[in-house]
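The structure appears below as structure tokens.
Numbering (UniProt numbering), first residue to last: 1 to 264.
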């Protein structure tokens, strides 16, 4: 697989960085959506697994994240993030079936995107998604602690936490109050929005302490459609794509996607 090609485009609130992992004979396109505080450059191995099964992979760093413009992790409205994601999808083209894959906050974004634009999606994969409710949202109305993330909650592989802590493109500071309020509004919109029409796979670590499985399960149960699969991984923490069992997780993802692609 070739390395990611980086480009930029005008976003809702400034220039956004766009990653593309091209495939010369792609059978489908995966729109990949990263989580809070991080960036899409952490997903090379995910793109490689998807690429090996015929996918071209594209996605942005969200505004205020990674290589994109904006005050770090400041998201006044997720409508802007959704508009940027739609612009990336439109620029990539409509020549291939499109699969949406989102992790953590990116899973929340992907769920809302699927509610709004489900007719243009072949399937959706949600990894440890922030759905239903999320405890940090309540901090928006009180004191926001300035404590670093406990990187041991990411994965049972300590190297994952070490790389996270050393990554200068990752935000290591406190939540922004405006972002937490925007997260709460987006969750409310999802909770009261339509059920998902594309086939959907929900994946979650059973020992996820950052986005606990219970509230996420309640959230997905509220919006899931008729074509739905779910897998909970015993002992797995938040970043299941970076877990000690990530090969099996990514195999579950590519198996599911293959079963949703058009045949013939």
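Built from N, CA and C at the ideal position, the CB exists for glycine as well.
query, result
"Is the beta carbon of residue 187 less than 8 Å from the beta carbon of residue 127?", "no"
"Could you give the distance in angstroms between the alpha-carbon of residue 102 and the alpha-carbon of residue 232?", "16 Å"
"Comparing the C-beta of residue 26 with each C-beta of chain D, is any distance below 8 Å?", "Here there is only one protein chain, and chain D is not present."
"In terms of alpha-carbon separation, which member of 56, 9, 74, 6 lies closest to residue 178?", "74"
"Please confirm whether residue 242 and residue 160 have their CB atoms less than 8 Å apart.", "yes"
"Measuring straight from C-alpha to C-alpha, what distance separates residue 238 and residue 130?", "11 Å"
"Please list the terminal residues of the continuous beta strand (DSSP E) segment that includes residue 100.", "98-103"
"Round the Cβ separation of residue 33 and residue 110 to the nearest angstrom and send it over; I've been treating them as touching at under 8 Å.", "5 Å"
"Is there contact here, the segment 186-206 with the segment 158-176, by at least three beta-carbon pairs under 8 Å?", "no"
"Excluding the 5 residues flanking residue 83 on each side, which residues of the same chain have their C-beta closer than 7 Å to its C-beta?", "12"
"Contact between the segment 194-203 and the segment 119-126: three or more CB pairs below 8 Å?", "yes"
"Roughly how many whole angstroms lie between the Cα atoms of residue 94 and residue 5?", "19 Å"
"Three or more C-beta pairs under 8 Å: does that hold for the segment 37-52 against the segment 64-74?", "yes"
"Would you give the residue range spanned by the beta strand (DSSP E) that residue 172 belongs to?", "Looking at the DSSP string, residue 172 is not in any beta strand (DSSP E), and its letter there is neither H nor E."
"Residue 260: buried (16+ other C-beta within 10 angstroms of its C-beta) or exposed?", "buried"
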